[in-house]
Amino acid sequence: MSLALPSRPGNVASGSVEPEDPLEASRPVARKATVDDLPALQALWQRASLPWLELEKFVTEFQVVPGIDGLLLGAIGLQLDGSEGLVHSEAIFPGVEGDEIRAALWKRMQIVARNLGAIRLWTLEDASFWAAVFVEADPAARDGLKASFRDPDAAWLVHQLVDPARAQKLLDEQVAVWEATRQADSENLLDSIHRIRTGAFVIAGTVIAIMILMVVYVGLRRPDIFHRFLGR
103 MSLALPSRPG NVASGSVEPE DPLEASRPVA RKATVDDLPA LQALWQRASL
153 PWLELEKFVT EFQVVPGIDG LLLGAIGLQL DGSEGLVHSE AIFPGVEGDE
203 IRAALWKRMQ IVARNLGAIR LWTLEDASFW AAVFVEADPA ARDGLKASFR
253 DPDAAWLVHQ LVDPARAQKL LDEQVAVWEA TRQADSENLL DSIHRIRTGA
303 FVIAGTVIAI MILMVVYVGL RRPDIFHRFL GR
């Protein structure tokens, strides 16, 4: 079961000495986290004062932006529950351009969420970047909030990935395609059964005809065999 944690801001300074230029490229690119990222993620979560001991159980739910030497420049969680998604637990490496990292994470999250069938995303992240791409959820929208995301009375922001009417249309189209495919498969199966049955009848008829011809042939060539057989 996925963890649902309303997140807290992740730009928390650290007293340790950080690399002067942790950016590997001018345009960051996000990817899915792997278990190999766990040490770097733990360090990032600790800098952001996030509950890293709980979050490490769900490392593969996170999207990350890698830097150099195994460093992670940013990370954010994406928990999915049916067609709803929760964006949570943002952590940004101190000293980097936060909105560039968020933009890379956001681009990646939209692709992942759509591919997994999500039509709406929720968040409690309060950075200005998220306020620009999400909107404040009204009471009617909050009625659709998944119980697994907790705290329905919080100041939720919501982003509609797919228009509900369009989502229903796409669903109807997918059902229609599935029905047509199932019907075609059923017709193909019946056709195959018919061909097999017809072939079996043809083979059986051919064998019987050959046997009759053999009997007639033997009877004509060796009538004494039948006489002996009938006379026994």
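103 is the number of the first residue of the sequence shown in the working numbering; add one for each residue after it.
The beta-carbon is built from N, C-alpha and C at its ideal position, and this holds for glycine as well.
As the structure is a computational prediction, the values presented were derived from the model and not from experiment.
Below 8 Å, how does it come out for the segment 224-244 and the segment 149-160: are there three or more Cβ pairs, yes or no? Under the 8 Å Cβ criterion, the segment 224-244 does not count as touching the segment 149-160, having fewer than three qualifying pairs.
Threshold first: 4 residues or longer. Then list the alpha helix (DSSP H) segments lying entirely within the segment 248-308, N to C. Counting only runs of 4 or more, we get nothing.
Which whole-angstrom value describes the C-beta separation of residue 193 and residue 149, a residue pair presumed to lie in contact below a C-beta threshold of 8 Å? The C-beta separation of residue 193 from residue 149 comes to about 7 Å, placing the pair in contact by the 8 Å criterion.
Could you check the C-alpha separation between residue 301 and residue 311 for me, to the nearest Å? In a straight line, the C-alpha of residue 301 is about 15 Å away from that of residue 311.
Taking one C-beta from the segment 250-260 and one from the segment 206-219 each time, how about it: are there three or more such pairs within less than 8 Å? Cβ pair count under 8 Å is below three, so no.
Taking DSSP as the reference, what is the three-state secondary structure of residue 206? When secondary structure is reduced to three states using DSSP, residue 206 falls in the helix class.
Can you give me the start and stop residues for the beta strand (DSSP E) that residue 195 sits inside? Premise fails: residue 195 is in no beta strand (DSSP E) and is neither H nor E.
Runs of 4 residues minimum, wholly inside the segment 123-186: which ones carry the alpha helix (DSSP H) assignment? Whole alpha helix (DSSP H) segments, 4+ residues: 140-149, 154-157.
Measure from the alpha carbon of residue 138 to the alpha carbon of each residue in 164, 152, 308, 153, then state which is nearest. Checking every option, the nearest Cα to that of residue 138 belongs to 164.
Please state the DSSP three-state secondary structure of residue 188. Under the three-state reduction of DSSP output, residue 188 falls in the strand class.
Apart from the five residues just before and just after residue 231, which ones in its own chain have a Cβ nearer than 7 Å to its Cβ? Contacts found: 201, 204.
Just how far apart, CA to CA, sit residue 241 and residue 181? Cα to Cα, the separation comes out at about 22 Å.
Around the Cβ of residue 131, are there at least 16 other Cβ atoms within 10 angstroms (buried) or fewer (exposed)? By the Cβ-count criterion, residue 131 is exposed, with fewer than 16 other Cβ atoms from all chains shown falling within 10 Å of its own Cβ.
According to DSSP, is residue 218 helix, strand or coil? In this structure, residue 218 counts as coil in the three-state DSSP scheme.
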